[in-house]
Amino acid sequence: MPEALRALYFARVDCHTTNARLLTASYATQYALKVRNSKSRKALARIVASDYPFALERFRHGQSAYRNGVMKLKVPRELRVCRFCAVAIESPEHALLICAASEALLAARNNFLVQIAHIWPTFEPPMDDDDALAALRGLQGNTAVLGVLGAFTHKVFLIFDAVELIWPDEFTRYKPVTPEP
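Residue 120 in my numbering sits at position 120 of the sequence shown, with consecutive numbering throughout.
Written as structure tokens, this is what we have:
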């Protein structure tokens, strides 16, 4: 599990306890069950389980054999850049809170932030990728915003799924064609 996701999974803070203790992983997932919409609930679960459509996860696994004449090799983490902005690593926190290179993504994020402002007025959106992980942790730890976060996460998944993720050429091998006798 990538370090950033491990931090999200194991260090979720319960914002509703007086001592702000850290939740265990099994207890933390109980909050996701309170999200009524199944698509939103599944989107939140996919973030925790590292089953998201972002390059950080998709390029993590290579193939050991040719499939349809193509073998895709594992891409190093620093080369798993965002398909929209091509500047930062395409991770959940970047896709959900930072990337500004897609109009659809910006519109969904602005709508999400307006909804969050009504529920959690003191929430401050992150300005860069360094702050995004902590902000996503905070959002996941606030049970009042989980439904809105799940719906937004589902929308972001759909936006990213609509744009093909192209495997870098230097990590793609093509099966040699043998001439027929």
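Note that the Cβ used here is the ideal one computed from N, Cα and C, for glycine as well.
As the structure is a computational prediction, the values presented were derived from the model and not from experiment.
Between His154 and Lys39, the CB-CB gap stays under 8 Å. According to DSSP, residue pairing for Lys72 in a beta bridge involves Thr172. In the DSSP assignment, Val81 forms a beta bridge with Ile89. The count of Cβ pairs closer than 8 Å, one atom from the stretch 115-126 and one from the stretch 64-80, stays below three, leaving the stretches out of contact.
Between Val156 and Ala101, the CB-CB gap reaches or exceeds 8 Å. The stretch 106-165 contains, as complete alpha helix (DSSP H) runs of 4+ residues, the segments 129-141, 146-161 (chain order). In this structure the stretch 96-115 touches the stretch 126-134; the number of beta carbon pairs closer than 8 Å is three or more.
In this structure, the CA atom of Ala135 is about 14 Å from the CA atom of Arg109. Inter-residue distance for Asn37 and Val177 is about 49 Å (C-alpha atoms, whole angstroms). Arg41 has no beta-bridge partner at all, per DSSP. In this structure, Val163 keeps its C-beta atom at 8 Å or more from the C-beta atom of Arg41. If you look at Glu57, you'll find it in the alpha helix (DSSP H) that goes 55-58.
Distance from the CA atom of Ala107 to the CA atom of Lys175, rounded to whole angstroms, is 42 Å.
Looking at the backbone, the Cα of Gly150 and that of Leu113 are separated by about 13 Å. Residues Met71 of the same chain have their beta carbon placed closer than 6 Å to that of Arg173, with the five preceding and five following residues left out of the count.
The secondary-structure analysis by DSSP pairs Arg67 across a beta bridge with Val70.
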